[in-house]
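With the numbering used here applied, the sequence shown corresponds to residues 120 to 405, in that order. Note that the Cβ used here is the ideal one computed from N, Cα and C, for glycine as well. Beneath this line is the structure, given in structure tokens, with notes to follow.
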Amino acid sequence: MRIAAVREQEGKIFGILEDGRFRPLLSEGAPVRDLRQVIALVEAKRLDYGAPRPLAEVRLAAPVGPLAKNVICVGKNYYDHAQEFARSGIDQSGDKQEVPEEPVVFTKAVSALADPLDPVAASADPTNTVDYEGELGVVIGRRCRGVKRAEALGYVFGYTIVNDVTARAVQQRHKQWFLGKSLDGFCPVGPCLVTADEFGAPDGQELATFVNGERRQFARLRDMIFDVPTIIETVSAYVTLEPGDLIATGTPAGVGIGFKPPRYLKPGDVVRVTISGIGELENPIV
Ligand code: MG
Numbered sequence: 120m121r122i123a124a125v126r127e128q129e130g131k132i133f134g135i136l137e138d139g140r141f142r143p144l145l146s147e148g149a150p151v152r153d154l155r156q157v158i159a160l161v162e163a164k165r166l167d168y169g170a171p172r173p174l175a176e177v178r179l180a181a182p183v184g185p186l187a188k189n190v191i192c193v194g195k196n197y198y199d200h201a202q203e204f205a206r207s208g209i210d211q212s213g214d215k216q217e218v219p220e221e222p223v224v225f226t227k228a229v230s231a232l233a234d235p236l237d238p239v240a241a242s243a244d245p246t247n248t249v250d251y252e253g254e255l256g257v258v259i260g261r262r263c264r265g266v267k268r269a270e271a272l273g274y275v276f277g278y279t280i281v282n283d284v285t286a287r288a289v290q291q292r293h294k295q296w297f298l299g300k301s302l303d304g305f306c307p308v309g310p311c312l313v314t315a316d317e318f319g320a321p322d323g324q325e326l327a328t329f330v331n332g333e334r335r336q337f338a339r340l341r342d343m344i345f346d347v348p349t350i351i352e353t354v355s356a357y358v359t360l361e362p363g364d365l366i367a368t369g370t371p372a373g374v375g376i377g378f379k380p381p382r383y384l385k386p387g388d389v390v391r392v393t394i395s396g397i398g399e400l401e402n403p404i405v
């Protein structure tokens with residue numbers, strides 16, 4: 120099942136994508152505005168729909184939210200990116216290890232969320248060092264704490280695409296990564312959320328990021344240093360995960376700071392992140 124959200128005058132509503140159409144979900148006749156309600160309806164198999172609309176006539180929104188906690192993110196989670204990041208000198212977070220021994224976990228502010236095709240304001244970063252990070256997003260389906268790796272995928276509702284947009288100089292300047300990762304609009308998510316039964320376990324699916332059509336990043340999801348079960352085990356050892364929580368699982372090599380000189384984003388650029396089985400998340404830079 121492919122869950123999507125669309126923007127309407129009264130706000131965001133959830134539904135599914137099917138045969139090139141958006142079918143709005145209904146709960147007791149009313150539109151569904153909260154992903155947690157979507158998860159409950161899907162789990163209970165109580166699916167009721169309003170009139171379908173052609174995809175060309177709707178504006179897709181981030182297929183998550185409202186989020187109950189910050190977007191949980193994993194840094195330095197692909198070998199080749201961990202090496203380019205160490206060499207860039209941006210990493211002031213502590214150990215400077217190229218390959219971390221334990222997952223590096225930080226968060227992005229909820230207020231950074233953005234929709235597919237929303238403009239990302241590079242102009243909001245006074246340091247002019249805005250960079251892209253194409254990532255797999257994991258949405259939790261059931262409340263959990265202290266999950267073991269072997270059971271972890273059973274708590275996943277589905278998968279989406281996240282662009283973990285980052286102001287590199289801000290990330291470096293403040294040691295902790297929160298500010299540089301949390302500028303308004305620096306967390307586009309979409310275009311849809313594919314349920315775990317349809318997507319399968321993250322493995323050979325391909326992740327790629329394009330800037331103005333030029334492919335900058337490419338990996339298979341199995342190339343992660345810490346896989347999705349390990350990430351869920353690690354986070355849930357300390358933090359209760361709840362339905363609708365979003366985890367961004369890290370980015371492969373090829374980000375702008377990996378180039379010499381760095382290739383930061385500038386107004387007029389277009390960033391497109393793709394994951395096979397999910398789709399394309401595109402955002403213009405302004
Ligand atoms: Mg990232």
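When distances are taken from the beta-carbon of E203 to the heavy atoms of the ligand MG, even the shortest one reaches 8 Å or more. Counting other Cβ atoms within 10 Å of its Cβ, Q216 stays below 16 and is therefore classed as exposed.
Within the stretch 179-240, the complete alpha helix (DSSP H) runs of at least 4 residues fall at 198-207. Rounded to whole angstroms, the Cβ separation of G256 and L365 is 6 Å, and the two are in contact under 8 Å. Taking C-beta atoms as the reference points, V157 and F141 fail to come closer than 9 Å. With 16 or more other CB atoms across the displayed protein chains lying within 10 angstroms of its CB, Q290 is buried. Distances taken from the Cβ of D283 to the heavy atoms of the ligand MG include one shorter than 8 Å.
Using a cutoff of 8 Å, the CB of G369 counts as near the ligand MG, since one of the ligand's heavy atoms is closer than that. Y198 is a Cβ neighbour of D342, given a cutoff of 9 Å.
Here A327 really is in contact with G253; their C-beta atoms are around 7 Å apart, less than 8 Å. Remark: C-beta atoms of G363 and V258 approach each other more closely than 9 Å. Going by C-alpha positions, A240 is about 12 Å away from P307. Beyond the five residues adjoining it in sequence on each side, C311 comes within less than 8 Å, by CB distance, of R121, I122, A123, L136, L179, P182, T279, I397, G398 in the same chain, given in chain order.
In this structure, R268 places its C-beta atom within 9 Å of the C-beta atom of T349.
Under the three-state reduction of DSSP output, D303 falls in the coil class, being neither helix nor strand.
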